[in-house]
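Contents: one structure, followed by commentary.
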Amino acid sequence: MSLLNNIIINTIPFLPRKMVKIVSDKYVAGNEIKDAISKTKKLNDRDLHVTIDLLGEHVKDLNEVESVTKTYLKLLDEINLSSLKSNISVKPTHIGLDLSLDTFYSNALRLVKSAKEKNNFIRFDMENSTTTDSTIKVFKDIHKDFKNVGTVFQAYLKRSFSDVENLSNDKINFRLCKGIYNESAGIAFKTYEEINANYLKIAEMAFKNGCYVGLATHDLKLTQKLYDLIDKYNIPSENFEFQILYGVPMKGWIQKHLKNNFKVRVYLPYGPQWYEYSIRRLKENPNIARYVAKSIFSKRDY
Numbered sequence: 000m001s002l003l004n005n006i007i008i009n010t011i012p013f014l015p016r017k018m019v020k021i022v023s024d025k026y027v028a029g030n031e032i033k034d035a036i037s038k039t040k041k042l043n044d045r046d047l048h049v050t051i052d053l054l055g056e057h058v059k060d061l062n063e064v065e066s067v068t069k070t071y072l073k074l075l076d077e078i079n080l081s082s083l084k085s086n087i088s089v090k091p092t093h094i095g096l097d098l099s100l101d102t103f104y105s106n107a108l109r110l111v112k113s114a115k116e117k118n119n120f121i122r123f124d125m126e127n128s129t130t131t132d133s134t135i136k137v138f139k140d141i142h143k144d145f146k147n148v149g150t151v152f153q154a155y156l157k158r159s160f161s162d163v164e165n166l167s168n169d170k171i172n173f174r175l176c177k178g179i180y181n182e183s184a185g186i187a188f189k190t191y192e193e194i195n196a197n198y199l200k201i202a203e204m205a206f207k208n209g210c211y212v213g214l215a216t217h218d219l220k221l222t223q224k225l226y227d228l229i230d231k232y233n234i235p236s237e238n239f240e241f242q243i244l245y246g247v248p249m250k251g252w253i254q255k256h257l258k259n260n261f262k263v264r265v266y267l268p269y270g271p272q273w274y275e276y277s278i279r280r281l282k283e284n285p286n287i288a289r290y291v292a293k294s295i296f297s298k299r300d301y
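This is how it looks when you write it as structure tokens:
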């Protein structure tokens, strides 16, 4: 670990809440559902689709898990009432995975059923590697009967190519991202070149097999290579979308995507746990701090 990363980790516990709030305001919609709905309307007005995430994870109290699940159900209602172009993303440990696989499955199924009634879609976020098998299992079980469900695969995990390949015959809908959790070298690629190579390898295989891929990246060089893949295989725009985090500048690429009639979806977090979320992410991956410090002074292009 670099000296700078050590300094960042040791400094994080002493950061004033107001300072963290300045950072989080650039990347978080607000505390309440109404804040997420308001931001989503503005993004939709710019021809951007959205996926809304209620901040939180690793909930170990059954009553709190139930409260979170009901909040997501209410969020689905609000999206439907406002006719927004938005689905939702859910972390498995936020709706019960830390309690039991059955709890996660039961609550996930409630959300997927509710979303289907409203012609909407649920995506299970992928957390750290301890949750990968459970997340895939529940996704597979629900996907047998409901197609309005997707998950996420992380290109830095060495297993991800095989995981996607094993599911590709089912024409799954998944988000492909690089991954942010600090995993061991035994299970994760560590270099920029290895991660990007695996990302492109997974994307190419998924395109060939007719999967729907949410191409989530802020890496502009990687984005250009994805354009090359799309051109090479003449992939119809109905088979993919580009995904970005709310607040991250893309230096004109959003406009380029839209000009090419490519769908762009913004990952929009909200919720009262913005502080805990921000601190936890900085501790888990100090490299994020340097990225945030650089981008916070950049102009958002949407």
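Residues 0 to 301, numbered by numbering that gives the first Met the number 0, are exactly what the sequence shown covers, in order.
Quick reminder that beta carbons are idealized off the backbone N, C-alpha and C, glycines included.
- Between the C-alpha atoms of Leu214 and Leu72 there is a straight-line separation of about 26 Å.
- Boundaries of the alpha helix (DSSP H) around Thr68: Leu61 to Leu80.
- In this structure Met204 is in contact with Val163, their Cβ atoms being roughly 7 Å apart against a cut-off of 8 Å.
- With respect to Ser88, His48 sits apart: the two C-beta atoms are not nearer than 8 Å.
- Runs of alpha helix (DSSP H) with 4 or more residues, each lying fully within the segment 20-54, are found at 32-44, listed in chain order.
- Runs of the beta strand (DSSP E) lying entirely within the segment 132-206 and spanning at least 3 residues, in chain order: 148-153 and 172-176.
- By the C-beta criterion, the segment 22-37 is judged not to be in contact with the segment 228-238, since fewer than 3 inter-stretch pairs fall below 8 Å.
- In this structure, Ile278 lies near Val19, with their beta-carbon atoms less than 8 Å apart.
- In the pairwise beta carbon analysis, the segment 215-232 is classified as touching the segment 194-202: at least three pairs are separated by under 8 Å.
- CA-CA distance, Ala187 to Thr131, rounds to 13 Å.
- Ser88: member of the beta strand (DSSP E) spanning Ser85 to Val89, first to last residue.
- Where Glu240 is concerned, the enclosing beta strand (DSSP E) starts and stops at Phe239 to Leu244.
- With contacts defined by Cβ atoms closer than 8 Å, Gly149 and Arg122 form a contacting pair.
- Selection Lys250, Asp300 and Glu275 evaluated against Arg16 yields Glu275 as nearest (Cα-Cα).
- When C-beta atoms of the segment 59-78 are compared with those of the segment 104-115, three or more pairs fall below 8 Å, so the two segments count as touching.
- Around the beta-carbon of Ser99, fewer than 16 other beta-carbon atoms lie within 10 Å, marking it exposed.
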